[in-house]
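Going by UniProt numbering, the sequence shown opens with residue 1, and the numbers climb by one from there.
Backbone N, C-alpha and C define an ideal beta-carbon position, used for all residues, glycine too.
See below for the structure under consideration.
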Amino acid sequence: MYEFNLVLLLLQQMCVFLVIAWLMSKTRLFIPLMQVTVRLPHKLLCYVTFSIFCIMGTYFGLHIEDSIANTRAIGAVMGGLLGGPVVGGLVGLTGGLHRYSMGGMTALSCMISTIVEGLLGGLVHSVLIRRGRPDKVFSPLTAGAITCIAELVQMLIILLIARPFDDALHLVSNIAAPMMVTNTVGAALFMRILLDKRAMFEKYTSAFSATALKVAASTEGILRQGFNEVNSMKVAQVLYQELDIGAVAITDREKLLAFTGIGDDHHLPGKPISSGYTLKAIETGEVVYADGNEVPYRCSLHPQCKLGSTLVIPLRGENQRVMGTIKLYEAKNRLFSSINRTLGEGIAQLLSAQILAGQYERQKALLTQSEIKLLHAQVNPHFLFNALNTIKAVIRRDSEQASQLVQYLSTFFR
Numbered sequence: 001m002y003e004f005n006l007v008l009l010l011l012q013q014m015c016v017f018l019v020i021a022w023l024m025s026k027t028r029l030f031i032p033l034m035q036v037t038v039r040l041p042h043k044l045l046c047y048v049t050f051s052i053f054c055i056m057g058t059y060f061g062l063h064i065e066d067s068i069a070n071t072r073a074i075g076a077v078m079g080g081l082l083g084g085p086v087v088g089g090l091v092g093l094t095g096g097l098h099r100y101s102m103g104g105m106t107a108l109s110c111m112i113s114t115i116v117e118g119l120l121g122g123l124v125h126s127v128l129i130r131r132g133r134p135d136k137v138f139s140p141l142t143a144g145a146i147t148c149i150a151e152l153v154q155m156l157i158i159l160l161i162a163r164p165f166d167d168a169l170h171l172v173s174n175i176a177a178p179m180m181v182t183n184t185v186g187a188a189l190f191m192r193i194l195l196d197k198r199a200m201f202e203k204y205t206s207a208f209s210a211t212a213l214k215v216a217a218s219t220e221g222i223l224r225q226g227f228n229e230v231n232s233m234k235v236a237q238v239l240y241q242e243l244d245i246g247a248v249a250i251t252d253r254e255k256l257l258a259f260t261g262i263g264d265d266h267h268l269p270g271k272p273i274s275s276g277y278t279l280k281a282i283e284t285g286e287v288v289y290a291d292g293n294e295v296p297y298r299c300s301l302h303p304q305c306k307l308g309s310t311l312v313i314p315l316r317g318e319n320q321r322v323m324g325t326i327k328l329y330e331a332k333n334r335l336f337s338s339i340n341r342t343l344g345e346g347i348a349q350l351l352s353a354q355i356l357a358g359q360y361e362r363q364k365a366l367l368t369q370s371e372i373k374l375l376h377a378q379v380n381p382h383f384l385f386n387a388l389n390t391i392k393a394v395i396r397r398d399s400e401q402a403s404q405l406v407q408y409l410s411t412f413f414r
């Protein structure tokens, strides 16, 4: 009965860790923990995070017979498993020194065992990476099994080092099973949270990449043919279908070139720009975002417009001059997706590159025509005299060939 009560108390402590882990998963700090990396900033973040978990595991522990029943092993093992041997060893050392500073019969043995737990997690990390199985690092089963073994090792170290031996044996018999169960379950659940966040991150990343590639393929070369109403409408329709948003608009510096989606009954192509958001984006060359909450959005054309938020992104041409804008809208009853916001900015860069390429191609064509006209203007009169004499001579013996020569000459001077 005593052991069961201890398990319940330790599980309550473990739940605090899991709540903190879940809250962390909602921040950018959690992203480095979702991947195996050798970057120093990520390693440092891993060390700091799990050192804090180690210390909290000791502070929240239950004082039993001059010792502390705790969940410190979760931080040490997870630090090693996700960060490698060096990070695991440092996390274990930090948590171990903190435990040693609190004193007690098991102070030294707990310090040593915490270091060993971190190194054990790091050793498993190295073995899995060397064997090409980094996916196993993020397995809840792996985390639970390593933590269970680490707790077993801790109990052996307590028996070997803590004195008097009878007291150490009595302590281990009381806390071994509760600590092994609690830490094992806690590590597995922590890894489950991490794995779920990683899967969600990869899902959104792959969806983002797939959408970006599809949009890039569907709009390839359209605006290179000219930045006009026809081509802009083609691009707007592609974006509206692929991004699943309320509406899409494209403008030049003066008027609306294309609009498709909610509100197309009053956002009519060809009308002058009336939106202050669009004018601001053109004047400043910066992205303008009105989310409808912190930055209010109001349609300048119709008081009952159902659009509730907008993202206005400048389109740039030669010398980074703003040539127009692309505008993404969401309805009043929907939040503007951060993914669509990032994707929209990337698409604007893609379309800007198309506009710039089209400008260069047209300039190149004009330059070629100018060079030909210059050559025509520089034709020597003697060349014309000789050409006409040649045609005159050919007429006498082959009128058909002479006709072809006249045609060639007229084409040259056209």
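Taking the Cβ atoms as the reference, K197 lies roughly 6 Å from F30, within the contact range of under 8 Å.
Sequence-distant partners of V86 (beyond 5 residues in either direction) whose C-beta falls short of 8 Å from its own C-beta, in its chain, are K43, G122.
Residues of the same chain with a CB within less than 6 Å of the CB of G292, apart from the 5 flanking positions on each side, are G308, S309 in chain order. Taking all protein chains shown into account, P41 has fewer than 16 neighbouring C-beta atoms within 10 Å of its C-beta and is therefore exposed. A Cβ-Cβ contact shorter than 8 Å links M78 with A143. By the C-beta density criterion, N231 is buried, having at least 16 other C-beta atoms within 10 angstroms. Nearest in C-alpha terms to Q241, of all of L119, S218, L194, is S218. Taking the Cβ atoms as the reference, S275 lies roughly 15 Å from L315, outside the contact range of under 8 Å. With fewer than three CB-CB distances shorter than 8 Å, the stretch 260-278 does not count as touching the stretch 169-189.
Annotation: the continuous beta strand (DSSP E) that includes R316 extends over 307-316. Under the DSSP definition of a beta bridge, A247 partners with G261, Y329. Boundaries cannot be given for I31, as no alpha helix (DSSP H) includes it and DSSP labels it neither H nor E.
Contact check for P272 against A258 fails: the beta carbons are separated by 8 Å or more. Per DSSP, A162 lies in no beta strand (DSSP E) and is assigned neither H nor E. Pairing G95 with G88 gives a Cβ-Cβ distance that is not under 8 Å. The stretch 48-56 and the stretch 70-77 touch, with three or more beta-carbon pairs separated by less than 8 Å. At least 8 Å separates the beta-carbon of G92 from that of I129.
Between L213 and the set S173, S67, I347, I282, the nearest pair of CA atoms involves I347.
Taking C-beta atoms under 8 Å as the contact rule, L243 and A249 fail to qualify, at a distance of about 13 Å. Taking C-beta atoms under 8 Å as the contact rule, S67 and I193 fail to qualify, at a distance of about 29 Å. Residue burial annotation: M323 is buried, with at least 16 other C-beta atoms found within 10 angstroms of its C-beta.
For G226 and I355, the gap between their C-alpha atoms comes out near 7 Å. In the three-state reduction of the DSSP assignment, G84 falls in the coil class, being assigned neither a helical nor a strand state. The residues C148, E151, L152, in chain order, have a CB closer than 7 Å to that of M180 in the same chain once the five nearest residues on each side in sequence are set aside. Residue nearest to P178 within the set L11, S399, M34, Q304 is L11 (criterion: CA-CA distance). Contact between G246 and Y329 holds, with the beta-carbon distance rounding to 4 Å and staying under 8 Å. Here the alpha carbons of L45 and Y289 stand approximately 32 Å from one another. Here S403 is exposed: its Cβ has fewer than 16 other Cβ atoms, across all protein chains shown, within 10 Å. Here P303 carries a coil assignment [DSSP, helix/strand/coil]. In the three-state DSSP reduction, I273 falls in the coil class, being neither helix nor strand.
Distance from the CA of S101 to the CA of T58, rounded to the nearest whole angstrom, comes to 11 Å.
If you look at Y47, you'll find it in the alpha helix (DSSP H) that goes 40-59.
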